[in-house]
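There are 2 protein chains.
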Amino acid sequence: MSCEPEIAQAVRERGRRLTIQRAKILSALRHASDHQSAEQILERVRDNDPHADISLSTVYRTLETSTDLHLTSELRGASGISVYEWNDPDTTHHHLECRGCGATEEVDLSSLQIAEAEIRERAGFTADIRHLAIPGRCADCGPDAAG
Amino acid sequence: MSCEPEIAQAVRERGRRLTIQRAKILSALRHASDHQSAEQILERVRDNDPHADISLSTVYRTLETSTDLHLTSELRGASGISVYEWNDPDTTHHHLECRGCGATEEVDLSSLQIAEAEIRERAGFTADIRHLAIPGRCADCGPDAAG
DNA sequence: AATGCTGCTGCGAAGATTTGCAGGAGGCGA
DNA sequence: TCGCCTCCTGCAAATCTTCGCAGCAGCATT
Numbered sequence: 005m006s007c008e009p010e011i012a013q014a015v016r017e018r019g020r021r022l023t024i025q026r027a028k029i030l031s032a033l034r035h036a037s038d039h040q041s042a043e044q045i046l047e048r049v050r051d052n053d054p055h056a057d058i059s060l061s062t063v064y065r066t067l068e069t070s071t072d073l074h075l076t077s078e079l080r081g082a083s084g085i086s087v088y089e090w091n092d093p094d095t096t097h098h099h100l101e102c103r104g105c106g107a108t109e110e111v112d113l114s115s116l117q118i119a120e121a122e123i124r125e126r127a128g129f130t131a132d133i134r135h136l137a138i139p140g141r142c143a144d145c146g147p148d149a150a151g
Numbered sequence: 005m006s007c008e009p010e011i012a013q014a015v016r017e018r019g020r021r022l023t024i025q026r027a028k029i030l031s032a033l034r035h036a037s038d039h040q041s042a043e044q045i046l047e048r049v050r051d052n053d054p055h056a057d058i059s060l061s062t063v064y065r066t067l068e069t070s071t072d073l074h075l076t077s078e079l080r081g082a083s084g085i086s087v088y089e090w091n092d093p094d095t096t097h098h099h100l101e102c103r104g105c106g107a108t109e110e111v112d113l114s115s116l117q118i119a120e121a122e123i124r125e126r127a128g129f130t131a132d133i134r135h136l137a138i139p140g141r142c143a144d145c146g147p148d149a150a151g
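Each protein sequence line maps, in turn, to chains A and B.
If you read the first sequence in my numbering, its first letter stands for residue 5, the second for the next number, and so on.
If you read the second sequence in my numbering, its first letter stands for residue 5, the second for the next number, and so on.
Next comes the structure, spelled out in C-alpha cells:
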C-alpha cells in the first residue's frame, strides 16, 4: 500500500510511535470506503494479513489515539455502536442520523464554520467541528409531531 | 412536586403511558441542576423515595423514550458515559468538551440555527440541533498543534 | 549494533449499555 | 367500575467499550 509511509509520518510527526498494529489498523481504515466499527476494522486487518493477531483493545486504543491526532474521527451514533472513519484533510462532512428509519447521510455544511468562529469568540474555545452526528428526521420520514 | 402533572401530560400527550417508574425517573431528572448519568438518576430516584425499586434497564429505556419525545437530551461524550438532561423548551445550548482537560462548558449558539436551515434546504432533512456535544480545546488548554 | 527509557500491546476482568422474554399494569371502551 | 389489549418492567444474559497490569518493542542515543 503506497500510503503507508504517509501514515507512518503522520503518526511519528505527532510524537507517537509507529507500531505494526497501528500501521495495520490505520491502513485498514484508510482504505475503507466508509465508516467502520471497531470489529469491522479488525476483520479488515485480518483479511489483509491473516497472520495479523491484533486484539480488539488495541483497535479501540489506536482509534482513540488517532482521533486525538485528527487522523480519524469517531462517531457515537444513536445505534449504540461507535464507528470510525479516516479524515480526509481537504473535506469535512457531517452525518445526519434519522431517528425514524435510522438511515444516515452525509452533508457538507459551510454554516458550521460560522459556528466555530462564534464559539471561539464567545467561549475562547477552539472547537473542532468536522464530523458531527446530527439527529433529526430524513425527508422520507418527515418531521415528527413532538417538540 | 408541582411539575408532576406537567410531566404526566407531556408523556400521555405523545401517546405513551405514564408509569410510576417514568414519573419518578423524569421527575428526578427534571429537578437535577445539571446533566446526570443513568446511575446518578437512579440514585436520585432512590433518594426521593426509598421505596422505589426501579431497575437500571428501565432508566435507560425511559431516557431513550423521553429523548425521542424531546423531553430530555442524551449526550454521548468522550468520557464513555452517557449523560442526560431535562430539555427546557425555551433554551437551547450546546456542550463544549475539552479534549485536553475533559472539562465541559455550555454555550448558546445562534449560528447553529443557520445550519438547521442549511440542512433542510440541502438534504431535506429536519435536523434537531439543540444539544450537540462539540469537541475541541478550552481556553486554558489552548489549541493543539495537530490537524 | 547495543542499550535504555517509556510508550504500546495482549490478556482478562470490569464497567456501561442493550436486548429477549415472561409477567404486570396503564388506559381505552363497555 | 370491569376487562382487554398492549405497552412497560424486571431480570439476566449478551454485547460493546474501557481499564489495570506485566512484559514487549519503538526509537533516540551511544
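C-beta atoms are modelled at their ideal positions from N, C-alpha and C, and glycine is treated no differently.
These numbers come from a predicted model, not from an experiment.
| Query | Result |
| --- | --- |
| How many angstroms separate the CA atom of B:I133 from the CA atom of A:P54? | 44 Å |
| Looking only at its chain, what residues have a beta carbon closer than 8 Å to the beta carbon of B:G106, apart from the 5 residues adjacent to it on each side? | A82 and S83 |
| B:R141 and B:T69: beta carbons closer than 8 Å? | no |
| Excluding the 5 residues flanking A:L136 on each side, which residues of the same chain have their C-beta closer than 8 Å to its C-beta? | H98, H99 and L116 |
| Can you check DSSP and say which residues form a bridge with A:H98? | A:V111 |
| Give, in chain order, every residue of the segment 109 to 143 of chain B whose Cβ lies closer than 7 Å to some Cβ of chain A. | E109, V111, L113, S115, L116, I118, A119, E122, I123, R126, A127, G128, F129, T130, A131, D132, I133, L136, I138, P139, G140, R141, C142 and A143 |
| What are the residues that DSSP puts in a beta bridge with B:S86? | B:R80 |
| So which residues of chain A does B:P147 contact, with C-beta pairs closer than 8 Å? | T130 |
| Against B:R80, what residues of chain A qualify as contacts under a CB-to-CB distance less than 7 Å, listed in chain order? | R80 |
| When you compare each of A:I118, A:T130 and A:P147 to B:R124 by their alpha carbons, which one comes out closest? | A:P147 |
| Taking Cβ positions, are B:A127 and A:E109 nearer each other than 8 Å? | yes |
| Can you give me the C-alpha to C-alpha distance between A:Q156 and B:P9, rounded to a whole angstrom? | This structure cannot speak to residue 156 of chain A, because chain A is shown only from 5 to 151. |
| Determine the DSSP secondary structure at A:R65, reduced to helix, strand or coil. | helix |
| Over what stretch of residues does the beta strand (DSSP E) that includes B:I138 continue unbroken? | A137 to R141 |
| Roughly how far, in whole angstroms, is the beta-carbon of A:L22 from the beta-carbon of A:A42, given that I think they are within contact range, below 8 Å? | The pair is not a contact, with the Cβ atoms about 20 Å apart (cut-off 8 Å). |
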